[in-house]
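Colleague:
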Amino acid sequence: MKISNFFIDRPIFASVLSIIIMFAGFIALMNLPIEQYPNITPPLIQVSTYYPGAGAQTIADSVAAPLEQQINGVENMIYMSSQNSSSGNYLLNVYFEVGSDPKKAQIDVNNNVSKVLAQLPEEVQRQGVIVQKQTPNILLFVALQSPDGRYNDIFMSNYATINVVTELQLIPGVSQVSIIGARDYAMRIWLKPDRMAQLGITTSDVVDSIREQNSQVPAGMIGGNPTSLPIELTLPMLATGRLTTAEEFENIIIKANADGSMVFVKDIAEVELGAANYDVNAKLNNKSMTAIAIYQQYGANALEVADKVKTKMKELATRFPNGIEYTIPYDTTKFVKASIHEVAITILEAAILVVLVVLLFLQNLRATLIPMLAMLVSIVGAFAGMLVLGYSINTLTLFAMVLAIGIVVDDAIVVIENVEHNMRALKLSAPAAAKKAMAEVSGPVIAIVFVLCAVFIPVAFLGGITGELYRQFAITISIAVVISGVVALTLSPALAALLLKHKKEDSKFTIKFNHAFERLGNRYVKIARLLLMNPLLALSIFVIVCLSVGFMYKLVPSSFIPIEDQGYIMAVGMLPDGASLHRVDAVTSQIDNLTKTHPAVTDVVALDGFGLLDGLNRNNQSSYFIVFKDWSERTGKNQAAPALLQQLAPKYAALQEAVVIPFNPPAIQGIGSVGGFEFWVQSRSSGNIESLEKYAKEIVAKANQSPVLRGVSTNIDATAKQFFLSYDREKSKSMAVSIAEVYQTLQAMMGSLYVNNFNKFGRVYNVYVQAEDVYRSTPYKLGEIYVRSLNASMVPLKSLINIRNSTGPSLISRFNSFNAARINGSAAAGFSSGQAMAAMEEIAREILPPEMSFSWGGQSYQEKKW
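So for the sequence shown, numbering that gives the first Met the number 0 puts the first residue at 0; every next one is plus one.
#1: For glutamate 96, report the span of its alpha helix (DSSP H) as first-last.
#2: Quick check: what's the CA-CA separation for aspartate 772 versus methionine 261?
#3: Cα separation between alanine 639 and tyrosine 294?
#4: So for glutamine 655, helix, strand or coil by DSSP?
#5: Under a three-way DSSP split, which group does alanine 281 fall into?
#6: Quick one, which of Met437, Thr201, Ser805, Asp278 has its alpha-carbon nearest phenylalanine 5's?
#7: Considering Cα atoms alone, identify which of Leu538, Ile800, Val794, Ser825 is closest to glycine 675.
#8: Determine, using beta carbons only, whether isoleucine 800 and tyrosine 726 come nearer to each other than 8 Å.
#9: So what does DSSP say about serine 825, is it helix, strand or coil?
#10: For the candidate residues Ile267, Val141, Val486, whose alpha-carbon lies nearest to that of valine 448?
#11: Locate the beta strand (DSSP E) running through leucine 810, then write down its first and last residues.
#12: In the DSSP assignment, what residue or residues form a beta bridge with glycine 273?
#13: With DSSP collapsed to three states, give me the class of lysine 500.
#14: CA-CA distance, glutamate 841 and valine 699?
#15: Which residue comes first and which comes last in the alpha helix (DSSP H) that contains glutamine 215?
#16: Please give the ranges of any beta strand (DSSP E) in the segment 126 to 179, keeping only runs that are unbroken, at least 3 residues long and fully inside the region.
#17: Extract the residue ranges of the beta strand (DSSP E) inside the segment 515 to 578, only unbroken runs of 3 or more that lie entirely within it.
#18: How many Å lie between leucine 847 and leucine 708 at the Cα?
#19: Going by the beta-carbon positions, is the gap between leucine 611 and serine 622 smaller than 8 Å?
#20: For tryptophan 855, write down the residues that DSSP places opposite it in a beta bridge.
#21: Would you call the CB atoms of leucine 712 and asparagine 823 closer than 8 Å?
#22: Under the three-state reduction of DSSP, which class applies to aspartate 607: helix, strand or coil?
#23: If we ignore side chains and look at the alpha-carbon of each, how far apart do aspartate 258 and arginine 762 end up?
#24: Can the beta-carbon of phenylalanine 95 be found closer than 8 Å to that of proline 37?
#25: Taking 8 Å as the CB-CB cut-off, is leucine 644 touching chain C?
#26: Compute the Euclidean distance between the alpha carbons of arginine 182 and alanine 702, then round it to the nearest angstrom.
#27: Below 8 Å on the Cβ atoms is my contact criterion, and I expect proline 32 with serine 391 to pass it. Report the Cβ-Cβ distance as a whole number of Å.
#28: From phenylalanine 263 to asparagine 110, what does the alpha carbon distance come to, in whole angstroms?
#29: For serine 690, report the span of its beta strand (DSSP E) as first-last.
#30: Does DSSP put isoleucine 918 in a helix, in a strand, or in coil?
#31: Which runs of the beta strand (DSSP E) at least 3 residues long sit entirely within the segment 758 to 801? Give them in chain order.
#32: Please state whether the Cβ-Cβ distance between valine 603 and asparagine 284 is less than 8 Å.
#33: Determine the contact status of alanine 493 and alanine 142, defining contact as a CB-CB distance below 8 Å.
#34: Taking its Cβ as the centre, do 16 or more other Cβ atoms sit within 10 Å of lysine 780, making it buried, or is it exposed?
#35: Say yes only if the C-beta of alanine 527 is nearer than 7 Å to one or more non-hydrogen atoms of the ligand GTP, and no if none qualify.
#36: If you check the beta carbons only, do arginine 187 and tyrosine 567 fall under 8 Å apart?
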């Protein structure tokens, strides 16, 4: 072939070409992002808001219904799920097709939210509705602690926000930094209803006074244009604006009496610089901490970003006040490093095996060197192609390299064997033998490249998450194969012409090996001849093999992605509905003590008041990240994370105060909140929560009896203890009391009412009014709260409201705009996720009535779809 002859005559040119390929590959290798898997997570847009004092049903009816009705069906949306909690939180997760543009998705969702803002409650509009891209990849947790207790949670959280979070957000590759359970500063006006009643003051008086006297006023300018006067100076005017200290808020005037005396805020309330939210307590090893979560940008180099975060934290730590320390208890890059390290070792082992096999059969060090160089050029050069296509170094692309090592040497071996044959049989010189060989095998070499590409490239056209998962795998192999073909036509014949010499006599080992291999080859020829002479026999064997493969394929359990030891597990602790955060803290202490007794455990990260499954603040729940020792210290089979989960589960089951369910983490971050399956039961008719709970719990009970399933649970509870307030409208009208006044007073006293803002430390914070805790401890305290009638008399709320014990949902979940119950679980040992999903569907079909249906979410949705 003329091309090959050109390079045979110009070996330096061939070498330079290969060096350029390798040089490009090395440059790409230093710039490629490193991650565990390709970017295969569906884009997620979160819509969230807060309705202070509202219950789950109120939020579902007044917030979730209008928002989801408008958002449903937005372009490329695959499904959405929402949580409406009795703590006043609303969270909607909208998932989009893999490969969708998250920026466009956010704009589309935001536009639809804007269309229905006017339909939302006024207090929700004041709080604001947040629409944001949610990056699912938590890279690591940074824990700030005050070991000697010198600083409280509020100081620690705000110190982290001002001095740490802002710095970490500037690091390239970091998409988001957030504090879980943040205690952002807020001016807290803790009202005393009894003092207010004595002085004839209502909640509205307090709120109106704060809004009036804590405002930003533009005072104008002296000598400003336009003016016809010959003004020499133009100076701005400053006026008293927003208040900044608790003392200033204490001195806000609420009422001026006829005798000239004044009623100040401090006369009817305690004022402090407190926190906007007290719902979550973060702990590390049962000690209070400020939990800073760092999220990685799509396509960023995980290891590089983590290293930069750690370097920045070391720098920031030098400026910490005495008594503040930090640790990094949760670091996902440890697993990424371990995975990459294992695959790198596999690549090295594969390369060594290939070298030994090639040397064994070629029986010539010079000849072996040529395919080895071809392998090196092809593998390193493939990194350049990966960079051009926007790929990353991940588990799948490295596995592609492992497979490619055994493939890319084939072309070079074909060339070398043919050159050696010509030298031995035709007694040609190496250059002449190389030219003759290339005239004979150039076509087959090109054909090999096309055939191999035809095998792998179609995989890249698979749709959905499966296609995204294996696209980089297939294309990486194809790039390496194409480069190996180029090398086989250029570098390999040039090196053969330079390096190959006529063979001397074979060694004794070589003679024995060749004889043994020749005998094996002769037997193969005999079998092949027999099959050629008996085509019916050959066809029968072929059919039997095909049928056997098909039969065994059906027998082998199917699974989307296997469970791996990622170095930690997760757990959710659930107390009875209505349990206080103090009780949750007590249970966390027990769980921490139980868990730390296991020798494999290093750290326990606890988020008391946070529900891991629904992503909302829940007073009766807690979430745990249980971190194990390094893999090198856990070498036994019973030391893998799934096995450790089985060892810890009985300890948790023995707890009487709470139900604690441990989970494996999701196999791929961002596809599901926990490992296992995510099953949704939907009510498509009345949406009755009681009926939904009945059928969901029947499914859970039957699923837990199945040998295929393990740890099946649901978070639905339609009978949580509540108090029901009935409002006497007739009496209210007869006493000339405004209904709006009653509801605002209830929200402010028993919930929390946002008033306006104040500035401090160069930031904007909120002002809230709320009754002191002693006035919110029992429902009977409502008797001490008063409202003013239109005729200026003070009316106790107890005369207008009746209170009775009731039950209702503390959390309402919705899936694709329907009320739904979420069921989580996993496959039992020895069964696959596919078998577990089939078992769940079979149970659901047996139990659910026609007006109810089921759907899959998270990783289960992707597995079912593809």
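Idealized CB from N, CA, C, for every residue including glycine.
Modeller: According to the structure shown:
#1: Along the sequence shown, one-based indexing puts residue 96 at 97. Segment: none, glutamate 96 is in no alpha helix (DSSP H) and carries neither H nor E.
#2: Residue 772 sits at position 773 when you count from the first residue of the sequence shown. Residue 261 sits at position 262 when you count from the first residue of the sequence shown. Cα-Cα distance, rounded: 26 Å.
#3: Counting from 1 along the sequence shown, the entry for residue 639 is found at position 640. Counting from 1 along the sequence shown, the entry for residue 294 is found at position 295. If I take the Cα positions, the gap works out to 26 Å.
#4: Start at 1 with the first residue of the sequence shown, and residue 655 comes out as number 656. Coil at glutamine 655, not helix or strand.
#5: If you number the sequence shown from 1, residue 281 lands on position 282. DSSP, reduced to helix, strand and coil, places alanine 281 within a strand of the structure shown.
#6: As a working note, residue 5 is residue 6 in the sequence shown. Nearest neighbour of phenylalanine 5 by Cα position, chosen from Met437, Thr201, Ser805, Asp278, turns out to be Met437.
#7: Mapped onto the sequence shown, residue 675 falls at position 676. Nearest of Leu538, Ile800, Val794, Ser825 to glycine 675, Cα basis: Ser825.
#8: The residue labelled residue 800 in the question sits at position 801 within the sequence shown. The residue labelled residue 726 in the question sits at position 727 within the sequence shown. Cβ atoms of isoleucine 800 and tyrosine 726: closer than 8 Å.
#9: Position 826 of the sequence shown holds residue 825. Here serine 825 sits in strand by DSSP.
#10: Indexing the sequence shown from 1 puts residue 448 at position 449. Closest by alpha carbon: Val486.
#11: Taking the sequence shown and counting its residues from 1, the one referred to as residue 810 is at position 811. Unbroken beta strand (DSSP E) run through leucine 810: 810 to 814.
#12: As a first step, residue 273 is located in the sequence shown; it is residue number 274 there, counting from the start. Paired residues: Ala185.
#13: Within the sequence shown, the letter at position 501 stands for residue 500. Lysine 500: coil per DSSP, three-state reduction.
#14: Taking the sequence shown and counting its residues from 1, the one referred to as residue 841 is at position 842. Taking the sequence shown and counting its residues from 1, the one referred to as residue 699 is at position 700. If I take the Cα positions, the gap works out to 13 Å.
#15: To locate residue 215, count along the sequence shown from 1; it is residue 216. Careful: glutamine 215 lies outside any alpha helix (DSSP H) and carries neither H nor E.
#16: Given a length threshold of 3 residues, each whole run of the beta strand (DSSP E) inside the segment 126 to 179 is given here in chain order: 129 to 132, 137 to 144, 173 to 179.
#17: Segments of the beta strand (DSSP E) lying fully in the segment 515 to 578: 567 to 573.
#18: On the sequence shown, residue 847 is found 848 positions in, with the first residue counted as 1. On the sequence shown, residue 708 is found 709 positions in, with the first residue counted as 1. The alpha-carbon atoms of leucine 847 and leucine 708 are separated by roughly 19 Å.
#19: In the sequence shown, counting from the first residue as 1, residue 611 sits at position 612. In the sequence shown, counting from the first residue as 1, residue 622 sits at position 623. Going by C-beta atoms, leucine 611 is nearer than 8 Å to serine 622.
#20: The count along the sequence shown starts at 1 and reaches residue 855 at position 856. As DSSP reads the structure, tryptophan 855 sits in a beta bridge with Phe678.
#21: By one-based count along the sequence shown, residue 712 stands at place 713. By one-based count along the sequence shown, residue 823 stands at place 824. Residue identity check: residue 712 is serine in the sequence provided, not leucine. Yes, the pair counts as a contact, with Cβ atoms nearer than the cut-off.
#22: One-based indexing of the sequence shown puts residue 607 at position 608. Here DSSP, grouped into helix, strand and coil, assigns aspartate 607 to strand.
#23: Counting from 1 along the sequence shown, the entry for residue 258 is found at position 259. Counting from 1 along the sequence shown, the entry for residue 762 is found at position 763. Cα-Cα distance, rounded: 40 Å.
#24: Indexing the sequence shown from 1 puts residue 95 at position 96. Indexing the sequence shown from 1 puts residue 37 at position 38. The Cβ atoms of phenylalanine 95 and proline 37 lie no closer than 8 Å to each other.
#25: No chain C appears in the structure shown, which is made up of a single protein chain.
#26: Position 183 of the sequence shown holds residue 182. Position 703 of the sequence shown holds residue 702. Each residue's alpha carbon lies about 41 Å from the other.
#27: Against the sequence shown, residue 32 aligns to sequence position 33. Against the sequence shown, residue 391 aligns to sequence position 392. Here proline 32 really is in contact with serine 391; their C-beta atoms are around 4 Å apart, less than 8 Å.
#28: Looking up residue 263 in the sequence shown gives position 264. Looking up residue 110 in the sequence shown gives position 111. Rounded to whole angstroms, the gap between the alpha carbons of phenylalanine 263 and asparagine 110 is 44 Å.
#29: Mapped onto the sequence shown, residue 690 falls at position 691. Unbroken run through serine 690 is the alpha helix (DSSP H), 688 to 702; no beta strand (DSSP E).
#30: Here the chain covers residues 0 to 865 and nothing more, so residue 918 does not appear.
#31: For the segment 758 to 801, the continuous beta strand (DSSP E) assignments of 3+ residues that do not extend past its boundaries occur at 762 to 770, 785 to 787, 793 to 795, in sequence order.
#32: For the purposes of this step, residue 603 is taken as residue 604 along the sequence shown, with counting starting at 1. For the purposes of this step, residue 284 is taken as residue 285 along the sequence shown, with counting starting at 1. Yes, these two residues count as a Cβ contact at 8 Å.
#33: What you label residue 493 is simply residue 494 of the sequence shown in a count that begins at 1. What you label residue 142 is simply residue 143 of the sequence shown in a count that begins at 1. Cβ atoms of alanine 493 and alanine 142: not closer than 8 Å.
#34: Along the sequence shown, read from residue 1 onward, the residue named residue 780 stands at position 781. Label assigned to lysine 780: buried.
#35: Judged by which ligands are present, the structure shown has none, so any question about the ligand GTP falls away.
#36: Against the sequence shown, residue 187 aligns to sequence position 188. Against the sequence shown, residue 567 aligns to sequence position 568. No, these two residues do not count as a Cβ contact at 8 Å.
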